[in-house]
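Working notes, structure below.
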Amino acid sequence: MAMNAPISTHALELLPLSNRHYLVLVALASGTRHGYAVKKEIRRISDGASDPGAGSLYRSIRQLTEARLIEEAPERPDPALDDERRVYFRLTDLGREVLELETSRLRRFVDATSRVVGGGDR
Amino acid sequence: MNGHRWAQAVLRLFPGSFREQYGPAFVRHFIADWEEASSISGRRHEWQRRLRLLVEAVGSAALERVAVAVPWCGSSNTARQYRRSALGGIMLDLASAARDLWRSPGYTSAAAITLSAGIGITAVAFTIIESVALRELPYPDAGQLAAVRIVPHDGRLWHGLSWGEFEQLERRTDIFSGVGGIRPNYGEVLPIDLDVTGVDRPEKVQGIEVTTGLLPTLGVSPILGRSITADDRDGDGGEALGYLVSHEYWTRALGADASVIGKRLTVEHRDKTIVGVLPPDIRLLLDPRDGVPVRADLWTRAYHIVGDNADTHYLRTVVRLREDLDLDQARAALAAMALSWFEERPDTYGEGPARIELTPLKKHLTAGVRPLLTALGVAVTLVLLISCANVGSLALARSRARERDLAVRQALGASTLRVARLVLVESLVLAAIGAVGGLALAAISVSAVRALASDVLPRANEINVGAGTVVFTLGATVLAGSLAAGLILLQGRGGGHLVDQLRHGARLAGSRKGAGGRRALTIIQTAVAVVLLVGAGLMLRTVANLARVDLGFDPENVFTFKVEMDQTSIALGPPRYEFFRDVAAEVGRQPEFAAASAIFVLPTHGGFDVDGYGRTVAELEGNDHRATFNVVLPGYFETMRIPLIEGRDFFPAWPASADGEVIIDEQIAERLWPGESALGRSLWIDFDMQNPTPVDRVLARVVAVASHTRQDGIRDLGTPQIYVPHWHRPFWGMNFVGRVAERATVGDAARAVERVVDADVDAIFTHSGRELTSVIMAESHDGRLLSRVLAVFSGLALLLSATGLYGVISYSARQRTQEIGIRKATGARGRDIVWLVVRNALWLSGAGVAVGIAGAIWVTRLLSSLLFGVASADPLTYVVAGGALFVVGVLAAANPALRAAAVDPIQALRAD
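Residue numbers (our numbering), protein chains in the order written: chain A, 196 to 317; chain B, 824 to 1735.
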């Protein structure tokens, strides 16, 4: 995209993400989903540890939309099963970049800290 | 309500923009979550999950609203910006604390209840202290008001000022902008009762005599008419003629009629004039030991009776200091004055000048109860501190996961300060939950406190939970929360970096240093709980015993009221008797009553002692048989359901002959004519009414023998009784008793009585009625209140001792994890481990119970005068109280014991 350079600085400024925001981004990384599917995906990838209710999920979605990390998707993946009240969401380019940056930050962080704690214990 | 309705309801809480954009999706999602809650697992978790959904949604709605209202924090769209904002930081801390607390409901509820107890009891105590001692008096510029007392040089106790001294103070306008005096009746500490007739509703009211300066000094002026002045007197004697009436009397008896000013009313058979009406709720707030009634309905001018002893010091005096003077300057001026008085009249004050004491009125009011209030304050502060200490030890006992959680946070870079802040926020959240519980406790208990304190404290009826209490509770909450947090941080991680603890398996969560102290605290708490439980148990048994007593009459469904006759219009002889007889008959005829009669002194309230009785004058003089007599109307025995063993009731008609008739009780009959009938026999009775005239010694014929009643009180059988007909002793006020008809209520009965008495122009209510049981139970009233208060306190004490024990036991069980692991590895069974932990609890409980029982034996002796049918050293009560504490001990140890028994030996040996 044309806006790559300015976006990068912007993306770094948005770090670190909260757990919930991060998980929403991760859930949308594999494709366009509607709200309830996002929730189910979050539950799946977090192994049940995170299970947002409707209130906090749509709050996160509202915040991420405002930050332009996600957006409503015009296309509907499966018109046959669709319900027109459903709203679908997908990552924006900025969202994808933030997700990558945050993931690598977390990876480095876990690597560093696991040298200090936890390692041999489990 | 189903998921859809809930979803719609919650959605309404979100801001409009959110609703517009995500409303339908939110609802669908919420319903799906809602349905899912019941399908995941058993019903037990269903409501928990749904509650969580609701809480989460409502919380999100609140946060969204904040985001709309406060753009600088809410529109920050990333976690980082959000965290940077002040509100965001606090919200995150709060959310984190709430999450942590939600995850350990056991700890949260135990700690919140413990803090509720501490904060609640502190709030109650503060409410009392604030209402009684701190709240401003209800007068304008009340800070300038002071009470004056004179203490003569030789230290004699003078209750007030003499007229001479008072008048000298009145002249000192350079010190005082107002001087007022109150004259207790004839210098004695007695309220004056006045008969008021000539108005629509005659009744007995409280009257008071004050100097003309009193009301202006207090800053009170009439809302109608004028105040009392020096001119309110008749020609020569100086007797007051003008009366001010209280607002309450004006509305109650005078129909709030503005035209009453200038009207006459008859007070003790003298004509007086109403000159004004006072504003509502005027009170005289002086030290109760001054004997000044707090409220009065008739206010008149106190006047200096000519010939009154100039040296009688009875005028209770209140002054208003001039604005430009402080207390010390006024005191200096008064000291100079005392010196000049001494020089003028050296005989009056002893060897030297008197001391003129000037006490701010508010301080004067509570002078007598100050030590009591101080003790109360100290006691509840201790309770608050103990409950904080218990939260500290509960936190210690909290699961290991929590500690690792904190340590991990620190390892990941959270500063010690940040961890401390988390602990603080968490404790504050707990304390806030506690504060809600505490305020509820205060609000619930305040009416009991008011009733219990009414005889002890001035302004007791003003005790209420006001803004002051709420502010104070907030303060106590912050204090308790911070204190608990401090204790948690101090005890929990006594030195050393958390990461070190984590890496080395953190064998000990805290130092051993505090352990002994915590044990001692637990023992003391248990002991206090035992003492309070024993007290509550003894009082409960007393109340139960009192209710079971056979009184000899049936007090249920009896309505009682007191009527006096207008003595000026009813002559002695038949009219006086017939007046009461007819009132009783008229009441008995009402459909609301099955029967009615009257007695002079109500049951359980005693009677008049006779000076002696006997079959002959010689026997009367030669023995000291005790008995009491009472005056009744015909029908009394039937109304009260007192069996007549033999004979008949008094006849209602005025007797044809002047011969005396009496009804005696079985005890007298048995003493004078053992084994024989007493009917028709005569006995001599010496009534000894004040003056030993021969008239008081009469010969009377026994017309009936009644069974004995507990006329003298519930607590013992009392003295033998003699009933005299009213026509023989024509008292002019009688207590009526009416047995309420089966279908009627007490309210119906009260209305029927008012109907009858209001219709009779000569009848004056002195008490318009209540149930006889409430009169009788007045005796056990204090006992019931006390038992309730003790029950509440012992409940709190049990709770504190349980949480204290729980904390100590589970902490020590955790300390011994390694030992337990070894024991298990070497073959100890789960049962043995449970016993190991429970034994520890039993030891602590046992020590506490032993100390507590020793304390209870000593303390409950103070209660012995209140007890009935139970000894203060009642073994059963002690066993039950002690047993309760053992049960609490075992319950408190159950969870830690089971946890210890479940310890995996391998894990225990490796990790801890």
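Where a beta carbon is used, it is the ideal one built from N, C-alpha and C, also for glycine.
{"query": "Which residue or residues does DSSP assign as beta-bridge partners of Pro1548(B)?", "result": "Val1455(B)"}
{"query": "Among the residues of its own chain, which have a CB less than 8 Å from the CB of Ile1656(B), if the five just before and after it don't count?", "result": "Ile1643, Arg1646, Lys1647, Ala1720, Ala1723, Ala1724, Val1726"}
{"query": "What separation, rounded to the nearest whole angstrom, lies between the Cα atoms of Arg1245(B) and Ile952(B)?", "result": "In the sequence under discussion, the amino acid at residue 1245(B) is Leu, which differs from the Arg named in the question. Rounded to the nearest angstrom, the two C-alpha atoms are 35 Å apart."}
{"query": "Report buried or exposed for Lys1095(B), applying the criterion of at least 16 other Cβ atoms within 10 angstroms of its Cβ.", "result": "buried"}
{"query": "Using 8 Å as the threshold, is the C-beta distance between Thr931(B) and Leu938(B) below it?", "result": "no"}
{"query": "Buried or exposed for Gln1730(B), please, with buried defined as at least 16 other CB atoms from any protein chain shown within 10 angstroms of its CB.", "result": "exposed"}
{"query": "Short of 8 Å in beta carbon distance, which residues of its chain neighbour Val219(A), apart from the five on each side in sequence? Order them along the chain.", "result": "Val233, Ile237, Leu252, Ser255, Ile256, Leu259, Ile265"}
{"query": "Do you know offhand how far Thr1383(B)'s Cα is from Met1557(B)'s?", "result": "10 Å"}
{"query": "Rank Asp1149(B), Arg1449(B), Val1203(B), Ile936(B) by C-alpha distance to the C-alpha of Ser1181(B) and give the top, closest one.", "result": "For the record, residue 1181(B) in the displayed sequence is Leu; it is not Ser. Among Asp1149(B), Arg1449(B), Val1203(B), Ile936(B), the Cα nearest to that of Leu1181(B) belongs to Asp1149(B)."}
{"query": "For chain B, check one thing: does any of its Cβ atoms lie closer than 8 Å to the Cβ of Ala249(A)?", "result": "yes"}
{"query": "Just to confirm my understanding: we take Arg1154(B), look at its own chain, exclude 5 residues before and 5 after, and list those with CB closer than 7 Å. What are they?", "result": "Leu1181"}
{"query": "In the DSSP assignment, find the alpha helix (DSSP H) that holds Val1252(B) and state where it starts and stops.", "result": "1239-1276"}
{"query": "Let me know the secondary structure DSSP gives Phe1510(B) once reduced to three states.", "result": "coil"}
{"query": "Any C-beta of chain A within less than 8 Å: which residues of the segment 921-949 of chain B qualify?", "result": "none"}
{"query": "Using beta carbons (cut-off 8 Å, strictly below), is Arg1371(B) in contact with chain A?", "result": "no"}
{"query": "CA-CA distance, Leu210(A) and Val293(A)?", "result": "8 Å"}
{"query": "Would you call Ile913(B) buried or exposed, if buried means 16 or more other Cβ atoms sit within 10 Å of its Cβ?", "result": "exposed"}
{"query": "Are the segment 980-993 of chain B and the segment 1298-1314 of chain B touching by the rule of at least three beta carbon pairs closer than 8 Å?", "result": "no"}
{"query": "Since Phe1559(B) contacts Val1454(B) with CB under 8 Å, what's their CB separation in whole angstroms?", "result": "In fact, because the Cβ distance is near 13 Å, the residues do not count as touching under 8 Å."}
{"query": "Applying a beta-carbon distance threshold of less than 7 Å, which residues of chain A neighbour Ser883(B)?", "result": "Gly250, Ser251, Arg254"}
{"query": "Taking DSSP as the reference, what is the three-state secondary structure of Ile1537(B)?", "result": "coil"}
{"query": "Could you tell me whether any Cβ in chain A is nearer than 8 Å to the Cβ of Gly876(B)?", "result": "Position check: residue 876(B) holds Leu in this sequence, whereas Gly was assumed. Taking Cβ atoms only, chain A reaches closer than 8 Å to Leu876(B), which makes this a yes."}
{"query": "With respect to 7 Å, is the separation between the Cβ of Glu1415(B) and the closest non-hydrogen atom of the ligand NAD below this value?", "result": "Of ligands this structure carries none, so the ligand NAD is not represented either."}
{"query": "CB-CB under 7 Å to Ile1393(B), same chain, minus the five flanking residues each way: which ones, in chain order?", "result": "Arg1399, Phe1402, Asp1585"}
{"query": "Would you kindly work out how many angstroms separate the C-alpha atoms of Trp1594(B) and Ala1419(B), rounded to a whole number?", "result": "Note on residue identity: the sequence assigns Glu, not Trp, to residue 1594(B). Each residue's Cα considered, the two are about 14 Å apart."}
{"query": "Counting only Cβ pairs nearer than 8 Å, list the residues of chain B close to Arg291(A).", "result": "What Arg291(A) touches in chain B: nothing, since even the nearest Cβ is about 16 Å away."}
{"query": "Going by Cα to Cα distance, which pick from Arg1607(B), Ala1417(B), His976(B), Leu1540(B) is closest to Thr1171(B)?", "result": "His976(B)"}
{"query": "Which word fits His1549(B), buried or exposed, when buried means at least 16 other C-beta atoms lie within 10 angstroms of its C-beta?", "result": "buried"}
{"query": "Please tell me whether Leu876(B) and Ala860(B) are closer than 8 Å, where the distance is taken between their beta carbons.", "result": "yes"}
{"query": "Mark Gln871(B) as exposed unless 16 or more other C-beta atoms lie within 10 angstroms of its C-beta, in which case mark it buried.", "result": "exposed"}
{"query": "If you measure beta-carbon to beta-carbon, which residues of the segment 225-243 of chain A are closer than 8 Å to chain B?", "result": "His229, Gly230, Tyr231, Lys234"}
{"query": "Could you work out which residues of chain B lie near Val282(A), taking near to mean beta carbons separated by less than 9 Å?", "result": "Gln844, Tyr845, Pro847, Ala848"}
{"query": "Kindly say whether Arg302(A), judged by its beta-carbon, lies nearer than 8 Å to any beta-carbon of chain B.", "result": "no"}
{"query": "Candidates Ala956(B), Leu834(B), Val881(B), Ala1715(B): which alpha carbon is nearest Val1192(B)'s?", "result": "Ala956(B)"}
{"query": "According to DSSP, Asn1558(B) sits in a beta bridge with which residue or residues?", "result": "Lys1385(B), Ile1422(B)"}
{"query": "Expressed to the nearest angstrom, what Euclidean distance is found between the alpha-carbon atoms of Ala969(B) and Val1141(B)?", "result": "6 Å"}
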